[in-house]
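Novice: Be aware that the sequence shown starts at 45, since it is given in my numbering, and climbs by one per residue.
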Amino acid sequence: MNSNQKARNQQRQQLRQARRALSPHEHAERSAGAIRQLVRHRLFRSAQHIACYLPNDGELDLTELITMVDAMGKTAYLPVLSALHRHHLHFLPYAPGDTLVENRFGIPEPVIRSRCVINIQRLDLVLTPLVGFDGQGNRLGMGGGFYDRSFHFLRRRQHWRKPHLVGMAFDLQYCPTGLPNQDWDVPLEAVVSETGIIEF
Numbered sequence: 045m046n047s048n049q050k051a052r053n054q055q056r057q058q059l060r061q062a063r064r065a066l067s068p069h070e071h072a073e074r075s076a077g078a079i080r081q082l083v084r085h086r087l088f089r090s091a092q093h094i095a096c097y098l099p100n101d102g103e104l105d106l107t108e109l110i111t112m113v114d115a116m117g118k119t120a121y122l123p124v125l126s127a128l129h130r131h132h133l134h135f136l137p138y139a140p141g142d143t144l145v146e147n148r149f150g151i152p153e154p155v156i157r158s159r160c161v162i163n164i165q166r167l168d169l170v171l172t173p174l175v176g177f178d179g180q181g182n183r184l185g186m187g188g189g190f191y192d193r194s195f196h197f198l199r200r201r202q203h204w205r206k207p208h209l210v211g212m213a214f215d216l217q218y219c220p221t222g223l224p225n226q227d228w229d230v231p232l233e234a235v236v237s238e239t240g241i242i243e244f
């Protein structure tokens with residue numbers, strides 16, 4: 045393990061601890077605040093196909109947003125681990141009440157049905173979980189590289205970016221000194237927190 049990886053792992057551990065230290069009330073209030081910020085933003089208002097996630101490790105909770113997306117006539121999608129491509133994600137439509145099964149990490153995901161998998165480039169907006177972020181749009185995830193590998197094609201795009209990759213985070217996950225990044229990291233277009241939206 046090189047020094048860059050060690051620094052990322054140490055930062056990841058500290059940020060996860062800080063996130064888990066939030067009380068249930070604080071977590072719910074801040075999650076609701078971030079959702080309020082997001083639904084007013086042009087990227088959300090214009091999006092029809094929106095990839096979300098379910099919290100598993102203290103991430104900002106999008107459960108209420110998924111209900112709102114469904115009520116608005118938009119379509120929410122959840123990530124599913126690919127059985128064919130290691131460290132890649134598929135996205136399947138999800139509405140409240142749909143059946144979920146736990147994947148190998150214990151994270152609930154829709155039951156895989158190949159005919160329902162959306163072409164990842166048809167997604168309008170992808171809301172990503174994250175452990176930390178900095179002022180340059182760098183994202184620190186859990187270390188598996190699933191989002192970076194799945195959306196690597198965005199690194200080659202200069203002018204047209206679809207889907208829009210937006211991180212969902214609490215303010216306490218901001219890293220003012222920056223994050224050590226890797227060549228394969230896919231930067232975020234924006235980050236939404238309980239107090240506002242930062243666009244990069």
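All C-beta atoms, glycine included, are put in the ideal place defined by N, C-alpha and C.
Being a predicted model, the structure only gives us computed values, none of them experimental.
Below 8 Å on the Cβ atoms is my contact criterion, and I expect Leu-122 with Glu-153 to pass it. Report the Cβ-Cβ distance as a whole number of Å.
Specialist: Confirmed, about 6 Å.
Novice: Pick helix, strand or coil for Ser-79, following the three-state DSSP scheme.
Specialist: Contrary to the premise, residue 79 reads as Ile rather than Ser in this sequence. Helix, per DSSP.
Novice: Between Gln-165, Arg-74, Arg-193 and Val-155, which has its C-alpha nearest Ile-94's C-alpha?
Specialist: Nearest of Gln-165, Arg-74, Arg-193 and Val-155 to Ile-94, Cα basis: Gln-165.
Novice: Would Leu-216 and Ala-62 be called neighbours here (beta carbons separated by less than 8 Å)?
Specialist: Going by C-beta atoms, Leu-216 is nearer than 8 Å to Ala-62.
Novice: Nearest-angstrom Cα distance between Ile-156 and Leu-125?
Specialist: Distance between the alpha carbons of Ile-156 and Leu-125: 9 Å.
Novice: Could you tell me which residues DSSP pairs with Leu-136 in its beta bridges?
Specialist: In DSSP, Leu-136 forms a bridge with Leu-122.
Novice: Can you check which of these residues, Val-113, His-131 and Phe-149, is closest to Pro-140 by C-alpha distance?
Specialist: Residue Val-113 is the option with its Cα nearest to Pro-140.
Novice: Inspect the CB distances between the stretch 53 to 61 and the stretch 191 to 198 and report whether three or more fall short of 8 Å.
Specialist: In short, these stretches do not touch, since the Cβ pair count stays below three.
Novice: What do you get for Phe-149, buried or exposed, if any count of 16 or more other CB atoms within 10 angstroms of its CB means buried?
Specialist: It is exposed - the Cβ of Phe-149 has fewer than 16 other Cβ atoms within 10 Å.
Novice: Is the beta carbon of Leu-232 less than 8 Å from the beta carbon of Gly-176?
Specialist: Contact: no.
Novice: Taking only the alpha-carbon atoms, compute the straight-line gap between Arg-52 and Thr-221 and give it to the nearest angstrom.
Specialist: Going by the C-alpha atoms only, they are around 13 Å apart.
Novice: Check the Cβ-Cβ distances between His-69 and every residue of chain D, and say whether any is below 8 Å.
Specialist: The structure shown contains no chain D; it holds only a single protein chain.
Novice: With distance defined between alpha-carbon atoms, name the residue in Asp-101, Arg-183 and Leu-87 nearest to Pro-224.
Specialist: Comparing Cα-Cα distances from Pro-224 to each of Asp-101, Arg-183 and Leu-87, the minimum goes to Arg-183.
Novice: Taking Arg-159 as the reference, give the member of Leu-136, Asn-147 and Leu-171 with the closest Cα.
Specialist: When only C-alpha atoms are compared, the closest one is Leu-136.
Novice: Thinking C-beta only, is Leu-98 closer than 8 Å to Leu-171?
Specialist: In this structure, Leu-98 does not lie closer than 8 Å to Leu-171 by Cβ.
Novice: Pro-207 to Asp-227, Cα distance in whole Å?
Specialist: Cα to Cα, Pro-207 sits roughly 20 Å from Asp-227.
Novice: Between which two residues does the alpha helix (DSSP H) holding Leu-109 run?
Specialist: That run of the alpha helix (DSSP H) goes 107 to 115.
Novice: Which first and last residues belong to the alpha helix (DSSP H) in which Leu-87 is found?
Specialist: Run containing Leu-87: 86 to 89, per the alpha helix (DSSP H) assignment.
Novice: Does the distance from the C-beta atom of Val-230 to that of Arg-199 stay below 8 Å?
Specialist: Yes. Within cutoff.
Novice: Since Phe-214 and Arg-84 should fall inside the 8 Å C-beta cutoff, what is the C-beta to C-beta distance between them, to a whole number of angstroms?
Specialist: Not quite, the Cβ-Cβ distance comes to about 18 Å (not below 8 Å), so this is no contact.
Novice: Tell me which same chain residues have a C-beta within less than 7 Å of the C-beta of Tyr-218, skipping the five on either side of it?
Specialist: Hits under 7 Å: Phe-177.
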